Structures are given as C-alpha cells and as structure tokens.
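When you line the sequence shown up against my numbering, it's residues 132 to 664, in that order.
What follows is a short report on a single structure.
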Amino acid sequence: MNGQIFTSRNAILVFLFGILVLFLPVLFIEFKVLRYTNGVFMYPFDDTFIHLQIAKNLTQGHWGINNGFASASSSLLYTIILTLFRFVSNSTLIPFIVNCLAGVAIVWFLHLWLQKHLVSPLAQGAIMLLSFFMTPLPLMVITGMEHTFQCLFSFIFIFYFSDWLESNYDKRGSTIPISLYVAAVFAASIRYEGLFLIGIACIMLLYYKKIKQAFLLGFVGVLPVVIFGILSLTKGSYFLPNSVLVKSESFSYPGIAGMITHILFEKLTFARNGLAALATQRWLLILPLIYLGFKKYIRLSYSIIIIFLLVATILQLSLASTGYLYRYEAYLFYSSTVIMAVLFYQYGKQAFDDWKFGSFKVIFLILVFFLFFPIMLRSTSAIEKSVQACKNIYDQQYQMAQFSKINYLNSTIAANDIGALSYFTNATIVDLWGLSTIEVTKSKKGKYWTPAFLDSLSRSRGVNMAIIYDSWFPDSLQSRWKKAGTWKIQNNVICGDDIVSFYALDSSGYSNLYNNLKSFEHKLPPTVIVKYF
C-alpha cells in the first residue's frame with residue numbers, strides 16, 4: 132500500500148480532502164479579488180511580475196527585466212520553471228497555475244509520507260488541515276511566488292533524508308539515493324535558504340562518519356548556485372543575486388562580539404520586525420519542548436527532523452528574513468507543524484498516560500498553547516490580509532503600469548517598484564532601489580547611494596518620468612525633480628507606501644506628465660485619492 136496513492140478508497144478520500152482544504156480558501160480569496168478588479172487577475176505582490184518579466188525576457192536570451200543581465204530574482208529554479216511555461220503560454224496566470232500544481236504535489240507527497248509512517252486516514256486529514264492553515268499554504272499559492280515550491284522541496288529533502296539516515300546511519304558504504312540529490316538541488320535553487328538545509332544535512336552525515344556522502348551531497352547541492360554565481364560574475368554582476376544583496380542587512384558590526392550580540396538579542400530574542408519574527412522565534416521553544424516531552428518514545432528520523440528544523444529556524448532568523456506577508460519563513464512553519472502533529476499522533480496518548488502528575492499535563496498544554504498563540508495569530512493575519520494585498524497591488528502597481536503603458540510605453544522610467552511596471556509595458560526601467568540595475572546595487576554596496584548619484588544616473592539614462600515612494604528616498608532627491616502628482620491608496624497592507632509620486636526630471640517634461648495624469652484619472656479605482664502639484 133505504501134507509495135500507492137490510489138490503491139484504496141481511504142487514500143483517495145484523504146488526497147481529495149487535502150485538495151479541498153488547500154483550494155477552497157484559494158477560490159474564496161480569488162473570487163473576492165476578481166469581483167473588486169472587474170475580472171483582472173491580481174497577485175498580492177509586485178514581485179510576482181518581476182518573475183514574469185524575467186521569464187519573458189529569458190525566452191529571448193536575457194536574464195533580467197531589461198534587455199541585459201540583471202539578477203533581480205533570488206530564485207533560480209522558479210525563473211526557469213516560469214520560462215518553460217512561457218514557451219506554452221503568455222498568460223499572466225502562469226505563476227498561479229504552477230503554484231496550484233506545486234500545491235497538489237504538496238498534498239501528494241505529504242500523504243505518501245504520512246502513509247509510510249502509518250498515520251491513519253483521519254489523522255492525515257487533520258494534519259493536512261492544521262499544516263496548511265499554519266503555513267498558510269493557500270496564501271503561498273495565490274502569491275504566484277516560489278514559496279509553495281520551497282515548502283514542497285524543503286519538506287521532501289528534510290523528511291525523506293531523515294528517513295534514509297535513520298535506516299543507514301550505522302551502515303558502511305551506504306549511498307544516498309539519487310532522488311535526495313535531486314531534492315537537494317531543488318531546495319537550494321528554489322531559494323538560497325535551501326543552502327541552510329544542505330549544510331545541516333552534511334554536518335549530520337559527518338557526525339555519523341559518512342564523510343564521502345557529506346562532501347558529495349554538499350557539492351551537488353550547491354553546484355547550481357555556484358554555476359549561476361560564476362555566470363553572474365562574468366556578466367559584471369555579483370556572485371549572489373542583486374535581490375539577495377539589496378534586501379539583506381549589512382554585516383558591518385563592531386567586530387565578532389557585536390555581530391553575535393546583534394544575532395542573539397535582535398534576531399533570536401526580541402521581535403522588532405513584528406508578528407512574523409515573534410511567531411518564528413516561538414519554534415525555538417516549541418520544537419525542543421516537544422522533543423523533551425516525547426524523547427522516551429521518539430524514533431531517530433523524527434529526532435533528525437526536529438534538529439533540522441530547529442537549526443534551520445536559528446539560521447533563518449539570524450541570516451535571512453521573516454515577514455513580508457509571512458512568506459519567507461513559510462517553509463519552516465509547514466514542516467514544523469507536520470512533525471509536531473505527527474509526534475502528538477504517534478506518542479501523545481502514551482506520553483500523557485506515562486506522566487504521573489496531572490498538574491504537569493495541564494501546565495504542559497497551557498505552555499504549548501501560549502507558545503503557539505503568536506503562530507496562530509500569524510496565520511490568521513496572513514489570510515485576513517490576502518484579499519486586501521491583492522487590492523493594494525491592483526490599486527497602485529497595476530494602475531502605475533497601465534498609466535505608463537498608455538503614455539510612456541517605450542520610454543525610460545525610473546522607479547523603486549519595478550514588477551508590474553516592467554511587465555505590462557515595453558519601457559526600460561532604471562531601478563532606483565537596485566534589484567535590477569547593477570549600478571544602483573553597486574552604489575549601495577559602495578556606500579555612494581546618494582541623491583546626486585541617482586539623479587545623475589537617471590539623467591544619463593534618459594529617464595522620461597520617475598515613479599517613486601517619497602518616503603524611501605532623501606528629500607534632496609525629490610527637490611532635484613518636479614513633482615506632478617500623487618496617488619494614495621486605502622487600507623495598505625503590502626505596498627511600500629500608500630502614496631506613490633510622479634516626477635518629471637525637468638520643466639520640459641512636467642506639463643506633459645501633468646496632462647497625462649489628468650487624462651488618466653478617470654480610469655483609476657474610485658478609492659484612489661489623486662493630488663496634483
């Protein structure tokens with residue numbers, strides 16, 4: 132029966148239940164969004180359109196949003212996946228479709244693993260319901276981003292590697308299955324956080340004196356990242372994608388002690404980045420607590436999974452990001468919820484029966500609930516914000532793109548949010564934030580990202596119009612240009628600012644920009660507040 136998903140009625144019902152649990156919320160969210168946008172399909176992130184634009188250009192031999200190399204995406208594999216689908220269709224729905232397929236694969240592989248571990252069909256359904264909500268997986272699907280795939284590949288690598296290591300930790304000469312090498316490559320190339328998982332796996336192999344396997348897994352896992360990094364260097368860019376460099380924090384701490392202090396207190400203890408960081412930090416307490424509660428009964432593979440997730444959570448908090456509609460840490464929440472639920476299913480009754488003090492059981496449950504509360508708040512908040520986030524992108528980025536498409540179709544535009552603007556127009560984009568313009572990325576790393584530099588770069592590139600968030604830049608940049616108008620959206624939950632400003636770089640372009648904004652105003656959603664200057 133193991134591995135055969137359609138061999139019994141119960142297996143089919145579990146699989147269909149998982150599909151229902153995942154996609155009913157997706158349908159509900161999309162219905163509300165489409166009703167608001169009058170049938171225009173919209174994503175809750177502008178970044179999705181960056182992926183689409185890179186995929187469109189990659190079919191013509193350019194890795195970037197313009198006709199040149201610029202690594203504006205931190206997901207190598209997802210860009211390739213979208214590009215392959217672009218050869219079949221040019222639809223804006225492609226990211227949504229491939230995420231739906233990844234969601235189906237998640238249901239399938241989770242069912243197979245739970246079935247392999249003799250979890251009853253009823254419990255499988257409960258685990259799917261809980262893990263999909265805690266991730267939350269429906270939101271990952273509608274983002275059209277790579278995070279659904281990240282949840283899938285991380286789960287496969289962590290859980291199936293742990294099963295293999297349990298069976299082979301004491302066997303000399305045991306070889307890692309090719310499928311695990313493939314999973315490692317996919318985990319690392321879908322997002323760079325996958326390198327954390329490969330590193331953890333290699334250390335575990337070294338611990339069990341499997342030196343050859345450790346080095347081979349590490350070599351194969353990082354190979355795509357290294358190849359892309361070398362290619363990027365030959366194109367005059369950095370080894371890491373611009374998006375990783377621009378969004379990462381500078382490690383200019385006062386020495387090693389300063390760096391350690393920052394990580395211990397700012398990253399792992401306090402939650403200054405809000406609910407996402409707080410909820411992620413909770414796993415640093417929940418995972419060890421669950422392990423201690425069940426350590427008398429737990430099998431080796433489950434212990435390995437807990438170690439994987441605990442160390443990966445520490446690395447995610449210390450070296451990567453959380454938040455931005457809770458997508459960066461989603462892969463940890465999915466896998467952590469699955470293993471926690473499995474442990475309670477497998478050993479919960481036995482452990483509670485063995486505990487001698489009833490008061491201890493009550494305290495344990497209260498403690499787990501207290502620790503879990505921010506995690507539940509995070510999931511609820513994510514689902515509540517999903518519809519509004521799509522509305523925000525429609526009201527702001529999509530309208531910016533439509534305005535530019537009508538009035539500046541083949542022009543050069545300076546901007547800080549580049550996704551929809553590049554995808555829906557033929558404009559050349561000067562990215563003032565640095566994701567897709569290497570000169571700006573270098574200026575940030577070289578500490579000369581100044582108003583004078585940005586103004587000079589924009590003029591040298593022949594920029595016809597700038598669309599920016601004023602709050603993202605020093606006032607001295609805006610004072611060099613001439614503002615024509617602003618658009619303000621309502622109930623912003625995802626955009627970098629609720630007000631976007633339109634600038635001409637000199638007086639000669641001001642009148643044209645002003646008149647274009649005036650003529651476009653009637654096309655804007657009624658909730659957008661327009662102001663002219």
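Each residue gets a CB set at the ideal place from its N, CA and C atoms; glycine is no exception.
Being a predicted model, the structure only gives us computed values, none of them experimental.
Using the C-alpha atoms, what's the distance from Val469 back to Met259?
-> Within the sequence shown, numbered from 1, the residue matching residue 259 stands at position 128. Within the sequence shown, numbered from 1, the residue matching residue 469 stands at position 338. Between Met259 and Val469, the C-alpha separation is close to 8 Å.
Leu347 to Ala236 span [Cα, whole Å] | Reading the sequence shown from its first residue, position 216 is the one you call residue 347. Reading the sequence shown from its first residue, position 105 is the one you call residue 236. Rounded to whole angstroms, Leu347 to Ala236 spans 27 Å at the Cα level.
Just how far apart, CA to CA, sit Ile321 and Phe284?
-> For this step, residue 321 is matched to residue 190 along the sequence shown. For this step, residue 284 is matched to residue 153 along the sequence shown. When rounded, the distance between both Cα atoms is 8 Å.
Beta-carbon separation of Leu456 and Trp414 under 9 Å?
-> Along the sequence shown, one-based indexing puts residue 456 at 325. Along the sequence shown, one-based indexing puts residue 414 at 283. For Leu456 and Trp414, no; Cβs fall outside 9 Å.
Bounding residues of the alpha helix (DSSP H) (the contiguous stretch that carries Gly256) | As a first step, residue 256 is located in the sequence shown; it is residue number 125 there, counting from the start. Where Gly256 is concerned, the enclosing alpha helix (DSSP H) stretches over Pro252 to Met265.
By Cβ distance, which residues of its chain are closer than 6 Å to Tyr339, with the 5 residues on each side in sequence left out?
-> What you label residue 339 is simply residue 208 of the sequence shown in a count that begins at 1. Result list for Tyr339: Tyr300, in chain order.
Mind checking whether Ile331 and Val250 have CB atoms under 9 Å apart?
-> Residue 331 sits at position 200 when you count from the first residue of the sequence shown. Residue 250 sits at position 119 when you count from the first residue of the sequence shown. Cβ distance not < 9 Å, so Ile331 and Val250 don't count as in contact.
Trp612 - DSSP class collapsed to helix/strand/coil = To locate residue 612, count along the sequence shown from 1; it is residue 481. Note: Trp612 maps to coil in three-state DSSP.
Quick one: residues in its chain with C-beta nearer than 7 Å to the C-beta of Glu161, no 5 flanking neighbours on either side, listed in chain order?
-> Residue 161 sits at position 30 when you count from the first residue of the sequence shown. Within the same chain, Glu161 has close Cβ partners Ile273.
C-beta atoms of Leu418 and Leu440 nearer than 9 Å = Residue mapping note: residue 418 aligns to position 287 of the sequence shown, counting from 1. Residue mapping note: residue 440 aligns to position 309 of the sequence shown, counting from 1. Yes. Within cutoff.
Below 8 Å CB to CB, which residues in the same chain sit around Ala558 once its five sequence neighbours on both sides are set aside?
-> Counted from its first residue, the sequence shown places residue 558 at position 427. Excluding positions up to five away in sequence, the list reads Ser535, Tyr539, Leu540, Asn541, Ser542, Thr543, Ile544 and Leu552.
Own chain residues within Cβ distance below 6 Å of Lys398, not counting five before or after | Here residue 398 refers to the residue found at position 267 when the sequence shown is read from its first residue. If we look at Lys398 and ignore the five residues flanking it on each side, its Cβ neighbours are Leu448 and Ser449.
Beta carbon of Leu644, beta carbon of Val594: below 9 Å?
-> Within the sequence shown, numbered from 1, the residue matching residue 644 stands at position 513. Within the sequence shown, numbered from 1, the residue matching residue 594 stands at position 463. No, the Cβ-Cβ distance between Leu644 and Val594 is not below 9 Å.
When DSSP labels each residue in this structure, what does Ser632 get in the three-state scheme?
-> Locating residue 632 in the sequence shown gives position 501, counting from the first residue. Strand.
DSSP puts Tyr663 in a beta bridge; with which residues?
-> Counting from 1 along the sequence shown, the entry for residue 663 is found at position 532. Paired residues: Gly616.
By DSSP, does Ala520 sit in helix, in strand, or in coil?
-> Working through the sequence shown from its first residue, we reach residue 520 at position 389. Here Ala520 sits in helix by DSSP.
CA-to-CA distance, Tyr428 to Ile671, given in whole angstroms | This structure cannot speak to residue 671, because the chain is shown only from 132 to 664.
Between Ala314 and Met276, what straight-line distance do the alpha-carbon atoms span, to the nearest angstrom?
-> Reading the sequence shown from its first residue, position 183 is the one you call residue 314. Reading the sequence shown from its first residue, position 145 is the one you call residue 276. Rounded to the nearest angstrom, the two C-alpha atoms are 19 Å apart.
Limits of the alpha helix (DSSP H) - the one that Thr572 falls within = One-based indexing of the sequence shown puts residue 572 at position 441. Segment Ile569 to Lys576, the alpha helix (DSSP H) holding Thr572.
Run the CB neighbour count on Ser173, radius 10 Å, all protein chains shown included, and call it buried at 16 or more, exposed below.
-> Working through the sequence shown from its first residue, we reach residue 173 at position 42. Looking at the sequence itself, residue 173 is Met, so the reference to Ser does not match. Buried.
Measure the CB-CB distance between Val561 and Ser589 and report whether it falls below 9 Å.
-> Taking the first residue of the sequence shown as position 1, residue 561 is located at position 430. Taking the first residue of the sequence shown as position 1, residue 589 is located at position 458. The answer is yes: Cβ separation under 9 Å.
Nonlocal neighbours in the same chain, by C-beta distance under 6 Å from Asn623, ignoring five residues either side = Within the sequence shown, residue 623 is the residue found at index 492, counting from 1. Taken in chain order, the residues that qualify are Asn523 and Asp629.
Val219 lies in the alpha helix (DSSP H); which residues open and close that run?
-> Indexing the sequence shown from 1 puts residue 219 at position 88. Unbroken run through Val219: none, as it is neither H nor E.
Simplified DSSP state of Ile136, which is helix, strand or coil | Position 5 of the sequence shown, counted from the first residue, corresponds to residue 136. Here the model assigns Ile136 a pLDDT of 46, short of 50, so the residue's position is not dependable, and the following value carries that caveat. If DSSP states are grouped into helix, strand and coil, Ile136 belongs with coil.
Distance, Phe218 Cα to Leu155 Cα | Translated into the one-based positions of the sequence shown, residue 155 becomes position 24. Translated into the one-based positions of the sequence shown, residue 218 becomes position 87. Rounded to whole angstroms, Leu155 to Phe218 spans 30 Å at the Cα level.
Inter-residue spacing [alpha-carbon to alpha-carbon] between Glu515 and Ser139 | For the purposes of this step, residue 515 is taken as the residue at position 384 of the sequence shown. For the purposes of this step, residue 139 is taken as the residue at position 8 of the sequence shown. Spanning the two alpha carbons is a distance of roughly 37 Å.
Tell me the start and end of each unbroken alpha helix (DSSP H) in the stretch 297-361 that is at least 4 residues and wholly inside, in chain order.
-> 309-321 and 325-338
Mind checking whether Leu376 and Tyr323 have CB atoms under 9 Å apart?
-> On the sequence shown, residue 376 is found 245 positions in, with the first residue counted as 1. On the sequence shown, residue 323 is found 192 positions in, with the first residue counted as 1. The answer is no: Cβ separation not under 9 Å.
Would you call Ser432 buried or exposed, if buried means 16 or more other Cβ atoms sit within 10 Å of its Cβ?
-> Taking the sequence shown and counting its residues from 1, the one referred to as residue 432 is at position 301. Buried, since its Cβ has 16 or more Cβ neighbours within 10 Å.
Alpha carbon to alpha carbon, how far is Ala482 from Leu261?
-> Walking along the sequence shown from the start, residue 482 turns up at place 351. Walking along the sequence shown from the start, residue 261 turns up at place 130. C-alpha separation (whole angstroms): 21 Å.
Could you check the C-alpha separation between Tyr459 and Lys343 for me, to the nearest Å?
-> Residue numbering aside, residue 459 sits at position 328 when the sequence shown is read from its first letter. Residue numbering aside, residue 343 sits at position 212 when the sequence shown is read from its first letter. Rounded to the nearest angstrom, the two C-alpha atoms are 32 Å apart.
Since I believe Phe664 is in contact with Lys619 (beta carbons under 8 Å), could you give me their beta-carbon distance rounded to a whole number of angstroms?
-> Here residue 619 is taken as the residue at index 488 of the sequence shown, counted from 1. Here residue 664 is taken as the residue at index 533 of the sequence shown, counted from 1. With a Cβ gap of about 13 Å, Lys619 and Phe664 do not count as contacting.
Where Asp526 falls: helix, strand or coil (DSSP) | Reading the sequence shown from its first residue, position 395 is the one you call residue 526. Asp526: helix per DSSP, three-state reduction.
Please state whether DSSP places Met596 in a helix, a strand or coil.
-> Taking the sequence shown and counting its residues from 1, one reaches residue 596 at position 465. Looking at Met596 - three-state DSSP - the assignment turns out to be strand.
CB contact flag (Cys333, Tyr465, <9 Å) | Reading the sequence shown from its first residue, position 202 is the one you call residue 333. Reading the sequence shown from its first residue, position 334 is the one you call residue 465. No, the pair does not count as a contact, with Cβ atoms beyond the cut-off.
In three-state DSSP terms, what is Asp562?
-> Stepping through the sequence shown from its first residue, residue 562 is reached at position 431. Note: Asp562 maps to strand in three-state DSSP.
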